[in-house]
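> Numbering (my numbering), first residue to last: 118 to 590.
Note that beta-carbon positions come from the ideal geometry of N, C-alpha and C, so glycine has one too.
Keep in mind the model is a prediction, meaning the values are calculated, not measured.
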Ligand code: SF4
Ligand code: SF4
């Protein structure tokens, strides 16, 4: 089925030019005034001061540029001297009250730094009291993305962004030469070369490629019989398909135990890596392909289950704008997080409990991209239901798609992950878990402990082969 490209719309209500199809979206001058407007609001609010390097840099820089900062902080007063009430009025006479807004003193390079340090975790959005429909209509993550997209349009897409965004192409080549590709990724000379040519930091631990993709495994396995339970379609995600098919196999195993009939329709990348790199058109092409191939399953009443938080977020939140058609909205509305669905099955008593003690003590990291979808901590609850003694690790891991792989952000990414890693260790877990495969990668790099998707822990528990995360020497 071929879908129309976009719907005609009246953009007058989108006065800040934040919708992709609004012609103002691509206007660089409009973007600049929008950055100024939002930075002023944020400077007055500062609720996000400790969320990420982006806000940290913004507020520090504004403070540095404020000519009256020291006076406002009382630094002109004698250190340690207690000011009596009768002296305060006299001292205040010498304080200059300024209405000048230091946000206006920010330079282009300051704005660029704030933009590039945003890794699109989206945590500031649910925290912000000024998101639409508030009249201020602050959407900080989307504004940062808009700035990246306009930059990519003006300067052209960098080779690294093309490479990181081509997950299906790179994945299908690498899985064919998996032993060679994996050996090369562990060779220090190759890593140096990769850093110079692709800008991927030499010390970033990369995921291995699988010898057989999940979708090839799916094609050659015996068809599942109709179990009389829910009918679902699995959106495997690129990571599961090319890097860790075991997550997909575990999902099929657990869904089958819940009596579900599973299908895997044709699918391509959700488009997140392309969006991250500023390639809107590339992301839209993928969105349209996915809508076309997932629509029959949705029309047959099936939920589309995704095990990857970032991919689920794109399909649920971005798809209606990437593919702004009734079909796009229809597919988007049918997408569900895999752990969320399994927990529903468990609570409806359709899923048997695994043997007692098989799950053990788990440090469960909640992925930012699940947190912002507001459906609760489903992976944690699923492991708890399965008998796990679960500690929640609710701090950002700082990996955020491909951001933490890039040479210039690698150190910053590890710094962001410090608190999460400390919380994992403090829990003294048998097993580390996160729904996000890239968070698992980051936690492994920081703690040397392997980390697993909850569905893998559950499937292994059923099979009597518990997954554990010992520290690596
Ligand atoms: S989306 Fe995340 S990284 Fe970007 S500004 Fe918001 S909190 Fe910071
Ligand atoms: S994004 Fe919203 S909550 Fe965060 S600092 Fe800006 S205005 Fe405040």
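Whose C-alpha, out of 501, 432 and 479, is nearest the C-alpha of residue 470?
Here the question's residue 470 lines up with position 353 in the chain shown. Comparing Cα positions, the closest option is 501.
> For residue 474, count the other beta carbons within 10 Å of its own beta carbon; 16 or more makes it buried, fewer makes it exposed. Which is it?
Mapped onto the chain shown, residue 474 falls at position 357. Exposed, by the Cβ-count rule.
> By the 10 Å Cβ neighbour count, where 16 or more other Cβ atoms means buried, how is residue 244 classified, buried or exposed?
For this step, residue 244 is matched to residue 127 along the chain shown. Per the 10 Å Cβ criterion, exposed.
> Cα-Cα, which of 149, 137, 353 and 536 is closest to residue 441?
Here residue 441 refers to the residue found at position 324 when the chain shown is read from its first residue. Ranking 149, 137, 353 and 536 by Cα distance to residue 441 puts 137 first.
> Name the two residues that bound the continuous alpha helix (DSSP H) containing residue 402.
As a working note, residue 402 is residue 285 in the chain shown. Its alpha helix (DSSP H) spans residues 397 to 416.
> Suppose you measure from the CA of residue 486 to the CA of residue 329; what does that come to, to the nearest Å?
Numbered from its first residue, the chain shown carries residue 486 at position 369. Numbered from its first residue, the chain shown carries residue 329 at position 212. Distance between the alpha carbons of residue 486 and residue 329 is about 28 Å.
> Assuming contact is defined by CB atoms lying nearer than 8 Å, are residue 564 and residue 479 in contact in what I supplied?
Within the chain shown, numbered from 1, the residue matching residue 564 stands at position 447. Within the chain shown, numbered from 1, the residue matching residue 479 stands at position 362. Going by C-beta atoms, residue 564 is not nearer than 8 Å to residue 479.
> Using the C-alpha atoms, what's the distance from residue 220 back to residue 160?
As a working note, residue 160 is residue 43 in the chain shown. As a working note, residue 220 is residue 103 in the chain shown. Between residue 160 and residue 220, the C-alpha separation is close to 8 Å.
> Thinking C-alpha only, which one of 334, 459, 300 and 332 is nearest residue 323?
Here the question's residue 323 lines up with position 206 in the chain shown. That would be 300, whose Cα lies nearest to the Cα of residue 323.
> DSSP state of residue 442, grouped into three classes?
Reading the chain shown from its first residue, position 325 is the one you call residue 442. Reduced to three states, the DSSP call for residue 442 is coil.
> If you follow the alpha helix (DSSP H) that residue 481 is part of, which residue opens it and which one closes it?
Indexing the chain shown from 1 puts residue 481 at position 364. Note, residue 481: premise wrong, no alpha helix (DSSP H); beta strand (DSSP E) at 478 to 482.
> Secondary structure at residue 378, three-state DSSP: helix, strand or coil?
Locating residue 378 in the chain shown gives position 261, counting from the first residue. In the structure shown, residue 378 sits in a strand (DSSP, three-state: E or B).
> Quick one, are the C-beta atoms of residue 451 and residue 415 less than 8 Å apart?
Numbered from 1 along the chain shown, position 334 holds the residue referred to as residue 451. Numbered from 1 along the chain shown, position 298 holds the residue referred to as residue 415. It is a contact, given that the beta carbons lie within the stated cut-off.
> So does residue 527 have its beta carbon nearer than 7 Å to some heavy atom of ligand 1?
Within the chain shown, residue 527 is the residue found at index 410, counting from 1. No, Cβ of residue 527 sits at least 7 Å from all heavy atoms of ligand 1.
> Of the choices 398, 555 and 579, whose alpha-carbon is the least far from that of residue 273?
If you number the chain shown from 1, residue 273 lands on position 156. Of the candidates 398, 555 and 579, the one whose C-alpha sits nearest the C-alpha of residue 273 is 398.
> So is residue 420 buried or exposed if we call it buried at 16+ other beta carbons inside 10 Å?
As a position in the chain shown, residue 420 is number 303, starting the count at 1. Residue 420 should be labelled buried.
> For the alpha helix (DSSP H) that residue 314 lies in, which residues bound it at each end?
Counting from 1 along the chain shown, the entry for residue 314 is found at position 197. Unbroken alpha helix (DSSP H) run through residue 314: 305 to 315.
> Quick one: give me the first and last residue of the beta strand (DSSP E) that residue 548 is part of.
Within the chain shown, numbered from 1, the residue matching residue 548 stands at position 431. It spans 548 to 551 - the beta strand (DSSP E) in which residue 548 sits, taken as one unbroken run.
> What do you reckon, is the C-beta of residue 243 under 7 Å from a heavy atom of ligand 1?
Translated into positions along the chain shown, residue 243 becomes position 126. No - ligand 1 has no heavy atom lying nearer than 7 Å to the Cβ of residue 243.
> If you draw a straight line from the alpha carbon of residue 661 to that of residue 276, how long is it in whole angstroms?
Missing from the structure shown is residue 661; the chain here goes from 118 to 590 and no further.
> Report yes if the C-beta of residue 171 is less than 7 Å from at least one heavy atom of ligand 1; otherwise report no.
In the chain shown, residue 171 corresponds to position 54, counting from 1. Under cutoff, so the answer is yes.
> For residue 145 and residue 528, I'd like the C-alpha separation in whole angstroms.
The residue labelled residue 145 in the question sits at position 28 within the chain shown. The residue labelled residue 528 in the question sits at position 411 within the chain shown. Straight-line Cα distance between these residues: approximately 31 Å.
> Once the 5 residues before and after residue 561 are set aside, which same chain residues still bring their CB inside 7 Å of it?
Taking the first residue of the chain shown as 1, we reach residue 561 at position 444. Cβ neighbours of residue 561 beyond the five flanking positions: 322, 567 and 568.
> Just the C-alpha distance for residue 505 and residue 368, rounded to the nearest angstrom, thanks.
Here residue 505 corresponds to residue number 388 of the chain shown, with the count starting at 1. Here residue 368 corresponds to residue number 251 of the chain shown, with the count starting at 1. Looking at the two C-alpha atoms, the distance is approximately 18 Å.
> Whole angstroms is fine: what's the gap from residue 546's alpha carbon to residue 586's?
What you label residue 546 is simply residue 429 of the chain shown in a count that begins at 1. What you label residue 586 is simply residue 469 of the chain shown in a count that begins at 1. Each residue's Cα considered, the two are about 8 Å apart.
> Sorry if obvious, but does the Cβ on residue 236 come closer than 7 Å to a heavy atom of ligand 2?
As a first step, residue 236 is located in the chain shown; it is residue number 119 there, counting from the start. Residue 236: no, Cβ never under 7 Å from ligand 2.
> Quick one: what's got a C-beta closer than 7 Å to residue 494's C-beta in the same chain, skipping five residues either side?
As a first step, residue 494 must be located in the chain shown, where it is residue number 377. For residue 494, where only same-chain residues beyond five positions count, the Cβ hits under 7 Å are 483 and 509.
> Counting only runs that start and end within the stretch 446 to 502, where is the alpha helix (DSSP H) found for 4 or more residues in a row?
For the stretch 446 to 502, whole alpha helix (DSSP H) runs of length 4 or above, ordered along the chain, are 455 to 464, 485 to 488 and 495 to 502.
> With a threshold of 7 Å, establish whether the CB of residue 165 neighbours any heavy atom of ligand 1.
For this step, residue 165 is matched to residue 48 along the chain shown. Residue 165 Cβ: within cutoff of ligand 1.
> Determine the direct distance from the alpha carbon of residue 302 to that of residue 90, and round the result to whole angstroms.
Because the chain in this structure spans residues 118 to 590, residue 90 falls outside the shown range and cannot be described.
> Taking the continuous beta strand (DSSP E) assigned at residue 420, which residues delimit it?
By one-based count along the chain shown, residue 420 stands at place 303. From DSSP, the beta strand (DSSP E) with residue 420 extends over 420 to 423.
> Whole angstroms are fine: how far does the CA of residue 348 sit from the CA of residue 170?
Here residue 170 refers to the residue found at position 53 when the chain shown is read from its first residue. Here residue 348 refers to the residue found at position 231 when the chain shown is read from its first residue. Cα to Cα, residue 170 sits roughly 43 Å from residue 348.
> So which of 383, 379, 394 and 363 has the shortest CA-CA distance to residue 418?
For the purposes of this step, residue 418 is identified with residue 301 of the chain shown, where counting begins at 1. Selected option, being the one with the closest Cα: 379.
> Candidates 582, 263 and 467: which alpha carbon is nearest residue 477's?
By 1-based counting over the chain shown, the position of residue 477 is 360. Selected option, being the one with the closest Cα: 582.
> Using 7 Å as the cut-off, classify the Cβ of residue 239 as near or not near the heavy atoms of ligand 1, replying yes or no.
Taking the first residue of the chain shown as 1, we reach residue 239 at position 122. Yes, since a heavy atom of ligand 1 falls inside the 7 Å radius drawn around the Cβ of residue 239.
> With DSSP as the reference, label residue 349 as helix, strand or coil.
The count along the chain shown starts at 1 and reaches residue 349 at position 232. Strand, per DSSP.
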